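For the sequence shown, my numbering gives the first residue as 7, with consecutive numbering after it.
Heads up, the beta-carbon is just placed ideally off N, CA and C, and yes, glycines get one too.
Just so it is clear, the structure is predicted and the values come from calculations on it, not from any experiment.
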Amino acid sequence: MTLLLRHSRDLPQDLEFDFWFPVTDTTVNLPPGSKWPDVATRLEQAYDRCADACWETGLALAKEPGSEIARTPTMGAYGTDFRLMMAWVVLSAELADAAERYLVVCNDPWVFREIAMRPDVVAGSPPGLIAAKARLRLRGLLSRSRNAFRLLATSLRLRGQRKNVLPGGPAILVYGHPGSKPDGADAYFGDLLDRETSLQRVLHSDCSLGLARILSGPRTASIHAWGSPFFALSLVWTKWRRKSGKKESFAWLVDRAVEIENSGAGPLMTRWQMHCQDNWIKGVRPSVVAWPWENFAWERALCRTAKRQGVKTIGYQHTVVGCHQINFAACLNPDGETSLPDTIVCNGPGYRRELEAWGHPAEKMPIGGAFRVSVPPLIAHVADAPVYFALSGLIPIARAQIEAAQDVARTGRLVLFRDHPMYPMDIGETDFLSRADKGLREQSELSAVVYSTGTSGLEAMMSGVPTIRFQPDDRVAVQVLPEGVTAPTANRNTIVDMLRNPALPEAVSWDQIFAPVDYAFWHSQLSEAGNDKAYCLV
7 MTLLLRHSRD LPQDLEFDFW FPVTDTTVNL PPGSKWPDVA TRLEQAYDRC
57 ADACWETGLA LAKEPGSEIA RTPTMGAYGT DFRLMMAWVV LSAELADAAE
107 RYLVVCNDPW VFREIAMRPD VVAGSPPGLI AAKARLRLRG LLSRSRNAFR
157 LLATSLRLRG QRKNVLPGGP AILVYGHPGS KPDGADAYFG DLLDRETSLQ
207 RVLHSDCSLG LARILSGPRT ASIHAWGSPF FALSLVWTKW RRKSGKKESF
257 AWLVDRAVEI ENSGAGPLMT RWQMHCQDNW IKGVRPSVVA WPWENFAWER
307 ALCRTAKRQG VKTIGYQHTV VGCHQINFAA CLNPDGETSL PDTIVCNGPG
357 YRRELEAWGH PAEKMPIGGA FRVSVPPLIA HVADAPVYFA LSGLIPIARA
407 QIEAAQDVAR TGRLVLFRDH PMYPMDIGET DFLSRADKGL REQSELSAVV
457 YSTGTSGLEA MMSGVPTIRF QPDDRVAVQV LPEGVTAPTA NRNTIVDMLR
507 NPALPEAVSW DQIFAPVDYA FWHSQLSEAG NDKAYCLV
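If you want it as structure tokens, here you go:
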């Protein structure tokens, strides 16, 4: 059989097909009864098979001059959708040999052309490419101009924060998080600032001007303070540039990634972060730097600069990882250990095993404990209690969860939903669908928890309540469970039936995955860096 490929404005009435499905961000008006019911499961299976190809592509891109400011070479599951688009191509190629006839509706001009290159694909006219590029490039110019002037102003306003940080001491470099406090409590490193009185906190350039001012004080400063206003202006011309004429596997997807990244401020902000952290390290010469490590471009640059300056680096595996977050793999770093931390501190044994399987030596990965995930309380499983939907921080996935929650509520089941604290949503409530006034840990009884991304699913399983992982049908929900821990999956077609009699999860103990914070270990890591200041461990 053949695969039919069309965009939404090219759907002749006489098209004959058995099933249809849309590629991500494609809206189409076709009969819902013939929409392919297995697309969510099959898309994720294709996504899983793309890991090796993504590692190969990411490493090749990372070796190119100028790629150090791009997200795609790191293959971050949340930073780029390159792997998702590759999965659509792989899935489409597989369906060309199926007994049924499938119609793929794709409005993305690059993905359309990549799929059309596969054998046995019958493609219609492709979506316009020139206009799409023009829109993205204009958007990129406007975004870079706006952000360059914003960074100029921010660096001038925060320049005085340099005095908050003394030279030669240990430091943590952290993202701006609303959970961090000016009194020293930090969303990533807990109360470590209170316990280590010589430890200093430097805020990443993602931290807004307002939050940087709130958190500023003795031992806390924004990295913006070390940025040059003149350098900020030059960032208007910052783009991810590749040598022309180079064609690799999935070339259309690579071209798409370049255009999309350059349509925003991503490369500019990465370059600015690198500039500021270089000035900070060279000017302050901290004895040791620890940060929430995910092997992104700015972190690789940080490791390179720190090693040249003789500064010890500690990357803290601060959150859940899971099989989809392949950006943590050592094979993606073109210069090996040069762009990796001297020490990778893990939050427990569960994800440490995963990182070891991805090429990081066990002797380089001590366990320092989990600052961010404490032992969850048990939740009573009561069959007629509400179903709790923990919404994803990714808005398109959260919308798909809400649609599924509405389906469940229409059956007469009471459904509570809890949107992500950083991404609240405006959702109409009904008699059977309402916003939860308490978080998951504060619930006393539930019939089930439905999650998609984030730690809520893992916490629900450790709390002993039936847990279902929701799969949207137009993108992949990043898997965060460690190896050996599984949750049943459902999509919109199956969620109602699965919630009729949800199974209790297998016993998952907290210390099977995480470990308590080892303050003595952290003290030794910070003080071993050659800092001769006094430490206070309380």
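Residue i, buried or exposed, once every other Cβ within 10 Å from all chains shown has been counted against 16
i, result
"S204", "buried"
"L384", "exposed"
"T417", "exposed"
"V414", "buried"
"E254", "exposed"
"A102", "buried"
"N497", "buried"
"P38", "exposed"
"S264", "For the record, residue 264 in the displayed sequence is Val; it is not Ser. Buried is the call here."
"R89", "buried"
"L439", "buried"
"N507", "exposed"
Spatial distance of residue i from residue j (CA atoms)
i, j, result
"A303", "T80", "7 angstroms"
"W310", "M467", "The sequence as given places Arg at residue 310; Trp does not occur at that position. If you take the alpha carbons of R310 and M467, they lie about 40 angstroms apart."
"V208", "L198", "14 angstroms"
"A540", "A191", "At A540, the pLDDT of 33 sits below 50, so the modelled position is not reliable; the number obtained from the coordinates is stated separately. A540 and A191: Cα-Cα distance of roughly 20 angstroms."
"G470", "R441", "22 angstroms"
"N537", "V317", "Confidence at N537 is low in this model, with a pLDDT of 45, below 50, so the placement of that residue is unreliable and no value is reported for it."
"L338", "M92", "17 angstroms"
"L241", "L162", "16 angstroms"
"F476", "P235", "46 angstroms"
"L49", "T32", "15 angstroms"
"S228", "Y108", "53 angstroms"
"D114", "P133", "7 angstroms"
"V96", "A52", "6 angstroms"
"T30", "P478", "10 angstroms"
"A3", "R165", "What the structure shows of the chain is the stretch from 7 to 544, and residue 3 is not part of that stretch, so it cannot be assessed."
"A363", "I332", "11 angstroms"
"L21", "G130", "11 angstroms"
"L57", "L172", "The displayed chain sequence assigns Ala, not Leu, to residue 57. If I take the Cα positions, the gap works out to 43 angstroms."
"R291", "A177", "10 angstroms"
"C542", "V180", "For C542, the predicted model reports a pLDDT of 29, less than 50, meaning its position is unreliable; a value from the coordinates is still stated below. So the alpha carbons of these two residues sit roughly 22 angstroms apart."
"H281", "D212", "14 angstroms"
"P382", "A99", "44 angstroms"
"R247", "A159", "27 angstroms"
Residue range of the alpha helix (DSSP H) that includes residue i
i, result
"L304", "Looking at the sequence provided, one finds Trp at residue 304 rather than Leu. A303 to Q315 is the extent of the alpha helix (DSSP H) around W304."
"S533", "Y525 to S533"
"L198", "L198 to R201"
"F286", "At residue 286 the sequence reads Trp, which differs from the Phe that was named. Its alpha helix (DSSP H) spans residues G272 to V290."
Cross-strand partners of residue i (DSSP beta bridge)
i, result
"W61", "Beta-bridge pairing links W61 to no other residue."
"L209", "V180 and S228"
"P37", "Answer by DSSP bridge pairing: none, since P37 is not bridged."
"R12", "V111"
"G223", "T226"
"V421", "V393 and L439"
Limits of the beta strand (DSSP E) - the one that residue i falls within
i, result
"P188", "It is not in any beta strand (DSSP E) - P188 carries neither H nor E in the DSSP assignment."
"G321", "K318 to Q323"
"A296", "V294 to P298"
"W26", "F25 to P28"
Chain B within 8 angstroms of residue i, Cβ atoms only
i, result
"A386", "The structure shown contains no chain B; it is built from a single protein chain."
Practice problem: Starting from the N-terminal side, write out each stretch of the alpha helix (DSSP H) that is 4 residues or longer and does not extend beyond the segment 95-182. | Solution: 115-122 and 136-163
Hey, which unbroken runs of the beta strand (DSSP E) at 3 residues or more fall wholly within the segment 335-417? 349-352 and 393-396
- [ ] Please go through the segment 458-502 and give each complete beta strand (DSSP E) segment of 3 or more residues, from N-terminal end onward.
- [x] 473-476
Self-check item: Whole beta strand (DSSP E) elements within the segment 423-463, 3-residue minimum
Solution: 439-441 and 454-457
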